[in-house]
Amino acid sequence: MNQTSRRIQRVYQKIQNERPDAIFIKNSVEPHIDLSFFYFTNLESGIFENSIFLAYPNGEASLYTSKLEEESVKEGSTRFKTTIFKDSKEKEMILKKIGTNIDKIGVNSRELTYQDLLILKKTLPNVKILDVSKAITEARLVKDNEEIKKLRTAAEITTKVWKNIPSILRNNVTESEVKAQISYQIQKEGATTAFEPITSFGVNTAEPHYLGGNAELKSGDFALFDFGARNCRYCADLTRTLVVGRPSYKQRQIYDAVFEASNVVLDMLKPGIEASEVHRKVVNTIASKGFRKEFTHSTGHALGLAVHDGATLSNTSKFTLEEGMVFTIEPGIYLPGFGGVRIEDDVLIRKGDCEILTSTGREMLEI
Ligand SMILES: [Mn+2]
């Protein structure tokens, strides 16, 4: 069985309620591309705006796309049937034809645009629409070997770029300049940036999703770097915080609390642990150091085709860790007006424990 058939069947197995006769994945235009399209097709090239992927319960599939993607789609020729449509009229005809031999169609409500849903309803008025988004999300949470390989390489590239950062840093270098260097180095490794890198210095490190500016690096600053490579569409996400010069007592205190939370969690991860329990452990560790209110986000998120790949590790999480899941673990402490620390790693849950994909030191680095 090929990769596409295997993934289609995984998704169908996860469907708890009524089973559709076909799953309908439809991309709109960037940035409204359903990454599940690439989960199913496993295509590494192309953008596939406005393309349709139909997946049947027996593992067979059909892809409908435009002339623009004719080259990119070739790689999938052994895994599914491909039809190239010339214009939107032809696309509409195709949609009508799809409806002639099915009664129920499954859609991914997390990604299908409302506009496409309206078109689907109008074109196929007699077909029942079922939401299969939960099954798709659950299937994607547990990675297969090929996905793990791609994620591992993304993490390796990211780790390599991190190791070069201290050599880029010098007095008065700006956040923007370092950010550009990070993007450049990721691309030089043959990957792309999984998201816009975060580079923050000094008090800006207290803003978890700081988008960067022109602050200059000064002695005594915390400097925080949050970035990741995307390799063959699969993402990595790493954060390290360092200190310029000798850390103050307070800087040391904050860093130690985050470092300990990170250690505690990385030691406990294995199949069978509740996701909410992982978060509680981080909260308790940070609280015991006196910074409960300064840890303001969840402990981490699933990682895959998307940087935020369908699940988070927080107190409302309702799932159990399974072998093959990949998450970020990213405790942080943020003191507005002072600065913040975040340490983020990517982990693969495996039998009995976890593998840290971003294998590089987490101790406080002084430069
Ligand atoms: Mn993250």
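Every number in this note's numbering is 34 more than the matching position in the sequence shown, counting from 1.
Even for Gly, the Cβ is constructed at its ideal location relative to N, Cα and C.
Inter-residue spacing [alpha-carbon to alpha-carbon] between Glu397 and Phe293: The residue you call residue 397 lines up with position 363 of the sequence shown. The residue you call residue 293 lines up with position 259 of the sequence shown. Approximately 7 Å between the Cα atoms of the pair.
Cβ-heavy atom distance, Gly371 to ligand 1, below 8 Å: The count along the sequence shown starts at 1 and reaches residue 371 at position 337. Result no, Cβ not under 8 Å from ligand 1.
For Asn265, three-class secondary structure by DSSP: Locating residue 265 in the sequence shown gives position 231, where the first residue counts as 1. Of the three classes helix, strand and coil, the one that applies to Asn265 here is strand, per DSSP.
Backbone secondary structure at His331 - three-state DSSP: The count along the sequence shown starts at 1 and reaches residue 331 at position 297. Of the three classes helix, strand and coil, the one that applies to His331 here is coil, per DSSP.
Whole-angstrom distance between Ser310 and Val316, CA atom to CA atom: In the sequence shown, counting from the first residue as 1, residue 316 sits at position 282. In the sequence shown, counting from the first residue as 1, residue 310 sits at position 276. Roughly 10 Å separates the two Cα atoms.
Test item: CB-CB of Thr273 and Glu180 under 9 Å: The count along the sequence shown starts at 1 and reaches residue 273 at position 239. The count along the sequence shown starts at 1 and reaches residue 180 at position 146. Not in contact: Thr273 and Glu180 (Cβ atoms no closer than 9 Å).
Buried or exposed (CB count within 10 angstroms, at least 16 for buried), Pro231: For the purposes of this step, residue 231 is taken as residue 197 along the sequence shown, with counting starting at 1. Its Cβ being crowded by 16 or more others within 10 Å, Pro231 is buried.
Counted within 10 angstroms of its Cβ, other Cβ atoms place Met35 as buried (16 or more) or exposed: Along the sequence shown, read from residue 1 onward, the residue named residue 35 stands at position 1. When all chains shown are included, Met35 counts as exposed.
Beta-carbon proximity check, Thr227 vs Ile216, cutoff 9 Å: Locating residue 227 in the sequence shown gives position 193, counting from the first residue. Locating residue 216 in the sequence shown gives position 182, counting from the first residue. Contact flag set, yes.
C-alpha distance - Lys115 paired with Leu97, whole-angstrom precision: Translated into positions along the sequence shown, residue 115 becomes position 81. Translated into positions along the sequence shown, residue 97 becomes position 63. So the alpha carbons of these two residues sit roughly 6 Å apart.
Contact test: Glu172 Cβ vs ligand 1 heavy atom, cutoff 8 Å: Position 138 of the sequence shown, counted from the start, is the residue given in the question as residue 172. No - ligand 1 has no heavy atom lying nearer than 8 Å to the Cβ of Glu172.
Beta-carbon proximity check, Arg384 vs Pro242, cutoff 9 Å: Locating residue 384 in the sequence shown gives position 350, counting from the first residue. Locating residue 242 in the sequence shown gives position 208, counting from the first residue. Annotated as distal: Arg384 and Pro242, with beta-carbon spacing of 9 Å or more.
First and last residue of the uninterrupted beta strand (DSSP E) at Tyr98: Translated into the one-based positions of the sequence shown, residue 98 becomes position 64. Here the beta strand (DSSP E) through Tyr98 covers 95 to 100.
Beta-carbon separation (whole angstroms), Ile139 vs Pro54, contact threshold 8 Å: Locating residue 139 in the sequence shown gives position 105, counting from the first residue. Locating residue 54 in the sequence shown gives position 20, counting from the first residue. About 5 Å separates the two Cβ atoms, so the contact holds.
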